[in-house]
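All remarks here apply to the structure that follows.
Number of protein chains: 2
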Amino acid sequence: MTRSRIAARRELAKDEGSARYVARRKALIEAAATVFAAQGYSAAGLDEIARLADIDRASLYYYVGSKKELFYEVVGEYIDKNTQMAEEILAKDASAREKLEELIVSLVISYEKHYPSLFVFIQEDLAKMAESRSGAGKRLQMTMLRFNEITVEIIEQGMRSGEFRSDTPANVAAFAVIGMTNWTHRWFTPKGELSGEQIGRAFAKIACDGLTP
Amino acid sequence: MTRSRIAARRELAKDEGSARYVARRKALIEAAATVFAAQGYSAAGLDEIARLADIDRASLYYYVGSKKELFYEVVGEYIDKNTQMAEEILAKDASAREKLEELIVSLVISYEKHYPSLFVFIQEDLAKMAESRSGAGKRLQMTMLRFNEITVEIIEQGMRSGEFRSDTPANVAAFAVIGMTNWTHRWFTPKGELSGEQIGRAFAKIACDGLTP
Chain A
385 MTRSRIAARR ELAKDEGSAR YVARRKALIE AAATVFAAQG YSAAGLDEIA
435 RLADIDRASL YYYVGSKKEL FYEVVGEYID KNTQMAEEIL AKDASAREKL
485 EELIVSLVIS YEKHYPSLFV FIQEDLAKMA ESRSGAGKRL QMTMLRFNEI
535 TVEIIEQGMR SGEFRSDTPA NVAAFAVIGM TNWTHRWFTP KGELSGEQIG
585 RAFAKIACDG LTP
Chain B
385 MTRSRIAARR ELAKDEGSAR YVARRKALIE AAATVFAAQG YSAAGLDEIA
435 RLADIDRASL YYYVGSKKEL FYEVVGEYID KNTQMAEEIL AKDASAREKL
485 EELIVSLVIS YEKHYPSLFV FIQEDLAKMA ESRSGAGKRL QMTMLRFNEI
535 TVEIIEQGMR SGEFRSDTPA NVAAFAVIGM TNWTHRWFTP KGELSGEQIG
585 RAFAKIACDG LTP
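First to last, the protein sequences are chains A and B. According to the numbering used here, the residues represented by the first sequence are 385 to 597, in order. According to the numbering used here, the residues represented by the second sequence are 385 to 597, in order.
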C-alpha cells in the first residue's frame, strides 16, 4: 500500500472515529509524550513510541502521519486550553493582582496535570519549530504569543490602576513571570515535596509583591 | 593519516601553542558559537562551522576533537567565570539584597556580553548532555549546580537576617530568580531597546521586593 493510500485510510478512520481506532491513537499519543519527555523531540524515535503503545510499527502511519504531528497532538490541546483559560482570567471583573496570581497558579497546575507533555513543548522551543512554516506549528506559536500578550495586558491593567509599579516595562515584567513559570520544565516533577499549586502560589507572591509600588 | 595520529598532532599543537594555531582554533570556536545559536546543538554541522571559520574541513580535527568538544569550549570558560563571580558575591560583606541584586544583574550582563554562546548552552539543557558522562560535561554540570546553590545560600542569608520572607522555600525562590534570568535565552537580544544591565535591574527589583516581608 502506498503512503498516500495509508494517509487516505487514516483520514477516513479518523472521521469514522471507531472506539478502537480512537483508543489506539490515544495510546500512541500518550506513548509519544513519554518518549519525547525522556529523549527530547529530535532524538525520539517512532519505533520506540510504537513499541511503548503496543502498536505494530508497520501500522503506525494508519494512526498518525508523522513525528511532528504526534508532537502537536500531544501539546496542542493543552496549549489551546491554557490560552483560553488566560482569556477568561483577563476578562474577569477582578484586580490585576488577583488575575496575575490566578494566571501563574493555573499555569503551573496545568504543567503538573499534563506532566510531562507541556515541558516537552517548552524544551523544544516552538518558535524554532514553527520556522518550518507548518500550519499547525504556526497556529500553536500564535496561541503561545497570545498567552504572553494576555500576561502583558494584565500587568498593564495593574499599572493603570496603581496596583503595580510603572517603572518596569510591562513586557519585561511579563517575561519575568513567564520565565519563572516556564523554567519549571527544568526542575519540577509531580513527585517533589511541593505541589504545582504551592509552587504557583510562591511564584505569584514573588511576582505580585515584586511589582507592587 | 589515522584519526588517532591526528589527535596526537592536535594535542602537540595545543601544547606548543603557535600563534597561528591558537588564532585558527579560536576562529573555529567563534564560528561554532554562531552556528550553534542559529541551529541548536543537534542540527549544527561541522561542515558549516569549518566553512564559517574558513578552515578546510579536512584539517578540522587538527584543531578540535568533536562537536561536543567545540560546544564545551564555547561555553565552559564563561560558565566558570560566572560561578567564580557568584562565589565572590556570596563572600562579600554586604546585605543579602545587595548580593542577590548583583548576582542577577551580573548574570544578565554576562549573557549579553557573551551573546549568544551562553544562550546556546541554556537551550541545550546541560543536564541531558551530561548524561553521556563525558568528563567535561559532568564538570560543567557541577559548576552550574554550584551557581544554583550560591543563589540559594544568598536567599537563606536574607531569610536569617529578616531581609527576605521565610514562608517560601529558599530553593523555590532561587528557581524563580534563575528562571526569570535564564528565560532571557528565549527573547533577549543585544539589539533590543533595553540593555542587559537594565533588564537585570528590573528582574532584581521584582525578585528582591518580591521576597521582602
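From the three backbone atoms N, C-alpha and C, an ideal C-beta is built for every residue, glycine too.
- With respect to chain A, the C-beta atom of PHE505/B has no partner C-beta closer than 8 Å.
- With contacts defined by Cβ atoms closer than 8 Å, GLY594/B and ASP593/A form a contacting pair.
- Put simply, of ARG393/A, ALA428/A, ALA437/A, GLN423/A the residue whose alpha carbon is nearest the alpha carbon of ALA407/A is ALA437/A.
- For GLU540/A and PRO500/B, the gap between their C-alpha atoms comes out near 30 Å.
- Within the same chain, and ignoring the five residues on either side of ARG530/B in sequence, the residues whose Cβ sits closer than 6 Å to its Cβ are THR467.
- Annotated three-state conformation of ASP593/B is helix, per DSSP.
- Three or more pairs of CB atoms, one per stretch, sit closer than 8 Å, so the segment 550 to 565 of chain B contacts the segment 554 to 564 of chain A.
- Our two residues, TYR462/B and TYR495/B, have alpha carbons roughly 9 Å apart in a direct line.
- VAL556/A belongs to the set of residues whose beta carbon lies under 8 Å from a beta carbon in chain B.
- Here ALA397/B really is in contact with TYR446/B; their C-beta atoms are around 7 Å apart, less than 8 Å.
- The Cβ-Cβ distance between VAL459/A and GLY580/A does not fall below 8 Å.
- Sequence-distant partners of LYS476/B (beyond 5 residues in either direction) whose C-beta falls short of 7 Å from its own C-beta, in its chain, are LYS483.
- Under the Cβ criterion of 8 Å, GLY542/B is not counted among the residues facing chain A.
- Chain B has a Cβ within less than 8 Å of the Cβ of GLY594/A.
- Around the beta carbon of GLY584/A, a 10 Å sphere encloses 16 or more other beta carbons of the protein chains shown; the residue is thus reported as buried.
- In this structure, ILE488/A sits away from ALA560/A, with a CB-CB distance that is not shorter than 8 Å.
- The closest CA to that of ILE390/B, considering only ALA417/B, ALA442/B, VAL419/B, is found on ALA442/B.
- The continuous alpha helix (DSSP H) containing PHE455/A extends over residues 451 to 475.
- Sequence-distant Cβ neighbours of ASP464/A in its own chain, meaning closer than 7 Å and more than five residues away, are THR527.
- Setting aside the 5 residues that flank it on each side, ILE534/A is surrounded in the same chain by ALA470, LEU474, each with a C-beta closer than 6 Å to its C-beta; the list follows chain order.
- Counting every other CB atom within 10 Å of its CB across the protein chains shown gives ALA403/A a total below 16, marking it as exposed.
- Using a Cβ distance threshold of 8 Å, ALA480/B and GLY401/B do not count as a contacting pair.
- As the crow flies, the alpha-carbon of VAL504/A is around 23 Å from that of LYS522/B.
- If you draw a 10 Å sphere on the C-beta of ARG409/A, you find 16 or more other C-beta atoms in it, and that means buried.
- Less than 8 Å separates the beta-carbon of PRO597/B from that of ARG549/B.
- Neighbours of LEU578/B across chain A, judged by C-beta separation under 9 Å: PRO553, VAL556.
- By the C-beta density criterion, GLU486/A is buried, having at least 16 other C-beta atoms within 10 angstroms.
- Non-local C-beta neighbours of ALA591/A in its own chain, meaning closer than 6 Å and more than five positions away in sequence, comprise VAL561, ordered along the chain.
- Separation of the CB atoms of ALA416/B and LEU454/B is rounded to 4 Å, and the pair is thereby assigned contact status at 8 Å.
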